[in-house]
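Chemist:
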Amino acid sequence: MADTTLGDVRTDDYSWLRDRKNPETIAYLEAENAYTKARMAHTEGLQEALYQELLGRIKETDLSVPAFKDGYFYYTRTVKGLQYPIHCRKKGNLEAPEEVLLDENLDAGKDAHYAIGAFEVSPNHKLLAYTTDRSGAERYTLVVKNLETGQVLPDHIGNLAEDVHWANDNITLFYDVADSANRPYRLYRHKLGTDPSKDDLVLEETDPLYNLGLSRSRSGSYLFVTMDAFGSTEVHYLSADAPDGKFQVIRPRAKGLEYGVDHSGGFFYIRTNDGGATNFKVSRAPVTDPSRWEPFIEYRPDALVDRILAFKGHLVVAERKDALRQLHVYDLNTRAEHFVPFEESVFSVSPSVNPEFNTGLLRFEYTSLVTPRSVYDYDMAGKTRELKKATEVLGGYDPSLYATERSWATAADGKRVPISLVYRKPLVKDGKRPMLLYAYGSYGLSTDPSFNSGNLTLLDRGYVYAIAHIRGGEELGREWYDDGKLLNKKNTFTDFIACAEHLIKEKYTSSDRLAIRGGSAGGLLMGAVVNMRPELFKAVVADVPFVDLINTMKDASIPLTTQEWEQWGNPNEAKYYGYMKSYSPYDNVEPKAYPNMLITAGLNDPRVGYWEPAKWTARLRALKTDKNTLLLKVNMGAGHGGASGRYDALRDIALRYAFLFDVMGIQAQPARAAEAAKP
1 MADTTLGDVR
11 TDDYSWLRDR
21 KNPETIAYLE
31 AENAYTKARM
41 AHTEGLQEAL
51 YQELLGRIKE
61 TDLSVPAFKD
71 GYFYYTRTVK
81 GLQYPIHCRK
91 KGNLEAPEEV
101 LLDENLDAGK
111 DAHYAIGAFE
121 VSPNHKLLAY
131 TTDRSGAERY
141 TLVVKNLETG
151 QVLPDHIGNL
161 AEDVHWANDN
171 ITLFYDVADS
181 ANRPYRLYRH
191 KLGTDPSKDD
201 LVLEETDPLY
211 NLGLSRSRSG
221 SYLFVTMDAF
231 GSTEVHYLSA
241 DAPDGKFQVI
251 RPRAKGLEYG
261 VDHSGGFFYI
271 RTNDGGATNF
281 KVSRAPVTDP
291 SRWEPFIEYR
301 PDALVDRILA
311 FKGHLVVAER
321 KDALRQLHVY
331 DLNTRAEHFV
341 PFEESVFSVS
351 PSVNPEFNTG
361 LLRFEYTSLV
371 TPRSVYDYDM
381 AGKTRELKKA
391 TEVLGGYDPS
401 LYATERSWAT
411 AADGKRVPIS
421 LVYRKPLVKD
431 GKRPMLLYAY
441 GSYGLSTDPS
451 FNSGNLTLLD
461 RGYVYAIAHI
471 RGGEELGREW
481 YDDGKLLNKK
491 NTFTDFIACA
501 EHLIKEKYTS
511 SDRLAIRGGS
521 AGGLLMGAVV
531 NMRPELFKAV
541 VADVPFVDLI
551 NTMKDASIPL
561 TTQEWEQWGN
571 PNEAKYYGYM
581 KSYSPYDNVE
591 PKAYPNMLIT
601 AGLNDPRVGY
611 WEPAKWTARL
621 RALKTDKNTL
631 LLKVNMGAGH
641 GGASGRYDAL
651 RDIALRYAFL
661 FDVMGIQAQP
671 ARAAEAAKP
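With my numbering, the residue at position 346 of the sequence shown is 346, and numbering never jumps.
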């Protein structure tokens with residue numbers, strides 16, 4: 001099929017793969033899966049061994065840290081052999097009898113895919129509203145359960161986007177639904193026991209550039225509806241005590257104005273870029289006059305205000321500086337402030353589940369590339385912390401055998417790009433270590449350095465694991481994001497290449513030992529860099545890669561497309577079309593040698609259509625001049641996130657690692673966990 005845009009003709013020989021109703025399409029995808037299975041057959045024993053190794057580090061029967069709310073302790077637990085968690089609570093104290101709210105394993109039944117969206121207990125703790133997705137297409141169904149009787153109420157509602165919240169009357173539910181392009185655009189009000197087909201339409205977002213999102217203030221006093229586009233926000237609010245009332249606007253949308261709201265006492269606290277605060281600041285406004293914004297935390301250009309969390313007496317600000325996240329605590333009464341201190345030089349920290357509003361304790365999660373996830377309760381007044389739980393890594397994990405560090409590459413335009421690394425000690429920089437380099441670099445999403453027990457499978461075989469914090473994310477602030485989108489998007493790719501070159505130059509690895517991985521928009525990154533510098537990499541894992549940029553951005557019927565013109569550009573405009581075409585992975589496949597590649601897709605993926613990785617694979621197979629391995633693995637019953645069950649997900653990881661070990665020639669046996677590091 002040929003397509004003409006602004007006088008330019010592009011030929012797409014594989015456009016037919018988009019028609020999933022065509023039996024030939026399904027047959028083609030099944031043939032690709034059969035080829036992948038046959039090509040990897042000799043690694044089946046290795047895959048099983050890797051799966052057992054990955055599983056052996058996980059405490060299969062485990063318990064989350066209970067979260068206290070209004071006299072109840074809420075938690076989840078997992079049971080050996082079961083794919084999904086069980087949601088529970090205890091009343092009064094942790095010695096009380098357990099009450100099971102929802103066993104996801106029973107609810108999932110025999111469905112191949114199962115995911116929970118919303119999970120909301122009513123303010124009086126007597127009802128549970130939750131939503132499920134049973135296909136991977138991110139279309140949810142609402143279920144309401146009476147927690148006192150165990151009865152499931154007849155209030156089933158389908159085609160939800162995801163968000164569901166209670167009003168304080170314990171009868172009214174608000175929920176959002178999606179349009180044909182999977183864009184959340186309508187807010188409805190439902191009264192328990194009434195016909196859902198007669199639910200009130202409360203708000204509708206008609207501009208296709210905006211999503212509608214629903215949230216609830218941590219105080220429980222207000223419901224917020226956020227109309228959000230790339231670069232513009234409008235927030236509506238309603239007292240949760242007056243669910244039949246009308247939502248009011250805090251400040252009308254304006255191009256370039258972004259803000260988010262929380263509540264405490266007589267004020268709305270507002271994270272905003274108003275007045276040129278590129279990296280955001282915090283204002284506040286009286287609830288009696290939300291339009292009257294006043295400064296609360298002055299703008300600091302060197303720190304990105306990432307998130308705010310309001311308590312009755314404190315405001316917690318998660319902020320980023322020098323590619324690290326910090327927690328900044330403010331006393332709402334005295335205005336005294338301090339940072340929560342941490343010891344490691346490279347780490348990740350974020351607020352955890354904090355359902356209680358009237359408390360002086362902040363629960364946060366801390367991790368690094370060598371420190372397993374740890375949950376702390378922090379006394380915001382006393383500045384002391386208590387470790388509530390450190391994730392147990394089975395099999396004798398000894399963090400002293402590993403090291404993490406931060407390195408900096410120099411980009412083509414002179415910008416310094418941070419790289420987080422972890423490896424098993426000792427590290428001799430002789431270029432002989434294999435490496436897996438990961439990156440994302442889009443939408444302002446930052447990739448924080450955090451512990452993953454699965455990485456030990458790599459580290460114990462000599463791999464260095466690295467994260468390139470390239471432009472397109474917000475690790476170094478909003479400008480870092482702006483420099484990696486629209487007509488600056490190529491900075492994302494050249495930053496990644498600069499990181500790879502830096503790691504090779506510093507002899508952490510070499511090009512014949514360097515594997516790279518990215519998914520979704522990070523898969524576009526993978527496609528772009530292998531077109532630009534294929535000789536730099538030995539192997540590539542591209543998960544659900546967004547690679548057919550022009551065709552997708554021209555089709556407004558595809559979910560997210562029109563909104564993402566603010567991210568990638570509108571190909572119907574000349575200034576964007578030529579630039580986008582110059583790096584679009586699918587459009588730039590050429591007759592040349594490419595690295596070994598494993599590409600994945602999900603048949604029900606609503607974010608990146610399965611046809612994108614399928615078409616890309618087909619074009620690569622037709623044009624590449626090498627004899628390297630090229631595999632496509634399509635999950636025929638899942639969406640963007642792949643397998644939903646925890647055991648199935650581990651098998652997916654085992655396949656990826658087996659592929660890397662196979663094409664890179666890495667030994668299958670790991671170093672012993674108890675082996676002491678040599679000086």
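Where a beta carbon is used, it is the ideal one built from N, C-alpha and C, also for glycine.
#1: Alpha carbon to alpha carbon, how far is residue 16 from residue 25?
#2: Enumerate in chain order the residues of its own chain whose CB-to-CB distance from residue 615 is below 7 angstroms, with the five nearest sequence positions on each side excluded.
#3: Exposed or buried, residue 176, counting other C-beta atoms within 10 Å across all chains shown (16 or more means buried)?
#4: My assumption, with CB atoms under 8 angstroms, is that residue 607 sits in contact with residue 520. Please give the rounded CB distance.
#5: Please classify residue 339 as buried or exposed, where buried requires at least 16 neighbouring CB atoms within 10 angstroms.
#6: Can you list, in chain order, the stretches of the alpha helix (DSSP H) that have 4 or more residues and sit fully within the stretch 134-170?
#7: State yes or no: is the C-beta of residue 436 within less than 8 angstroms of the C-beta of residue 463?
#8: For residue 268, count the other beta carbons within 10 Å of its own beta carbon; 16 or more makes it buried, fewer makes it exposed. Which is it?
#9: So for residue 631, helix, strand or coil by DSSP?
#10: Less than 8 angstroms between CB atoms is the rule here; does residue 585 satisfy it with respect to chain D?
#11: Between the Cα of residue 618 and those of 635, 636 and 598, spot the shortest distance and give me the residue it belongs to.
#12: From which residue to which residue does the beta strand (DSSP E) around residue 73 run?
#13: In whole angstroms, what is the alpha-carbon distance linking residue 421 and residue 407?
#14: Mark residue 97 as exposed unless 16 or more other C-beta atoms lie within 10 angstroms of its C-beta, in which case mark it buried.
#15: Span of the alpha helix (DSSP H) holding residue 451?
#16: According to DSSP, is residue 470 part of a helix, a strand, or is it coil?
#17: When the Cα atoms are used, what is the spatial distance from residue 369 to residue 349?
#18: Would you list the one or two residues that DSSP bridges to residue 597?
#19: From the DSSP output, read off the bridge partner residues of residue 680.
#20: Are residue 230 and residue 566 closer than 8 angstroms when you measure CB to CB?
#21: Could you please give me the residues that DSSP links to residue 365 through a beta bridge?
#22: Report yes if the C-beta distance between residue 236 and residue 310 is below 8 angstroms; otherwise report no.
#23: Are there 16 or more other CB atoms within 10 angstroms of the CB of residue 81, so buried, or fewer, so exposed?
#24: In this structure, how does DSSP classify residue 636 when only helix, strand and coil are distinguished?
#25: Kindly identify the DSSP beta-bridge partner or partners of residue 239.
#26: Once the 5 residues before and after residue 134 are set aside, which same chain residues still bring their CB inside 7 angstroms of it?
#27: Look at residue 495 and residue 471 and say whether their C-beta atoms are less than 8 angstroms apart.
#28: With DSSP as the reference, label residue 67 as helix, strand or coil.
#29: On a Cα-Cα basis, can you pick out the residue from 254, 584, 638 and 540 that is closest to residue 630?
#30: Using the C-alpha atoms, what's the distance from residue 581 back to residue 550?
#31: Distance, Cα to Cα, residue 626 vs residue 398?
#32: Which residue or residues does DSSP assign as beta-bridge partners of residue 227?
#33: Taking just the CA atoms, how far does residue 155 sit from residue 143?
#34: With a threshold of 8 angstroms, are at least 3 pairs of Cβ atoms found where one atom belongs to the stretch 32-48 and the other to the stretch 569-583?
#35: Determine the contact status of residue 658 and residue 54, defining contact as a CB-CB distance below 8 angstroms.
#36: Start and end of the beta strand (DSSP E) containing residue 308?
Modeler: Let's see:
#1: 8 angstroms
#2: 14, 17, 548 and 586
#3: buried
#4: 7 angstroms
#5: exposed
#6: none
#7: yes
#8: buried
#9: strand
#10: In the structure shown, chain D does not exist; there is a single protein chain.
#11: 598
#12: 72-78
#13: 8 angstroms
#14: exposed
#15: Careful: residue 451 lies outside any alpha helix (DSSP H) and carries neither H nor E.
#16: coil
#17: 12 angstroms
#18: 540 and 630
#19: In the structure as shown, the chain begins at 1 and stops at 679. Residue 680 is therefore absent and cannot be evaluated.
#20: yes
#21: 350 and 375
#22: no
#23: exposed
#24: coil
#25: 222
#26: 111, 113 and 114
#27: yes
#28: strand
#29: 540
#30: 7 angstroms
#31: 42 angstroms
#32: 212 and 234
#33: 7 angstroms
#34: no
#35: no
#36: 304-310
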